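Just so we're aligned, residue 1 is where the sequence shown starts under our numbering, counting upward by one. Virtual Cβ for every residue (Gly too), placed ideally from N, Cα, C. Predicted model, so just to flag it, every value in this text is computed and none were measured.
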Amino acid sequence: MSRPGSFWGPYEHGMSWTAHYFDRRLNSDGVSRAFASKEDALVAACDLMRRNCVVNFVQGPNDEKIDATTITAWCKRRPKRKDAPAASSVT
Numbered sequence: 001m002s003r004p005g006s007f008w009g010p011y012e013h014g015m016s017w018t019a020h021y022f023d024r025r026l027n028s029d030g031v032s033r034a035f036a037s038k039e040d041a042l043v044a045a046c047d048l049m050r051r052n053c054v055v056n057f058v059q060g061p062n063d064e065k066i067d068a069t070t071i072t073a074w075c076k077r078r079p080k081r082k083d084a085p086a087a088s089s090v091t
């Protein structure tokens, strides 16, 4: 819901998905940048987990939260990136 007279109108809350995590290397809590979609925030959470961070939750609009257990399960189901195909020689 946007405020009356707001410049952004319905896009005001467009970038509102964030991952909340603990960085073991820095020994501190952190919040990711804002993402436009839930999937982008979950991908970022998976990347943080691969970097040995503890992801506590992903938070979205209207205080919607995705807990760590659900995030871990989502990351396990997510297809892995394929290695780049080998360059073929042109003769």
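- A distance below 8 Å between beta-carbons, with the five flanking residues on each side excluded, links N27 to no residue of its chain.
- When the five nearest sequence neighbours on each side are left out, the beta carbons in the same chain lying within less than 7 Å of the beta carbon of V55 are those of A19, Y21, A45, L48, M49, A68 and I71, in order along the chain.
- CA-CA distance, R78 to V43, rounds to 9 Å.
- For C53, the beta-bridge partners assigned by DSSP are D23.
- Annotated as distal: G60 and A73, with beta-carbon spacing of 9 Å or more.
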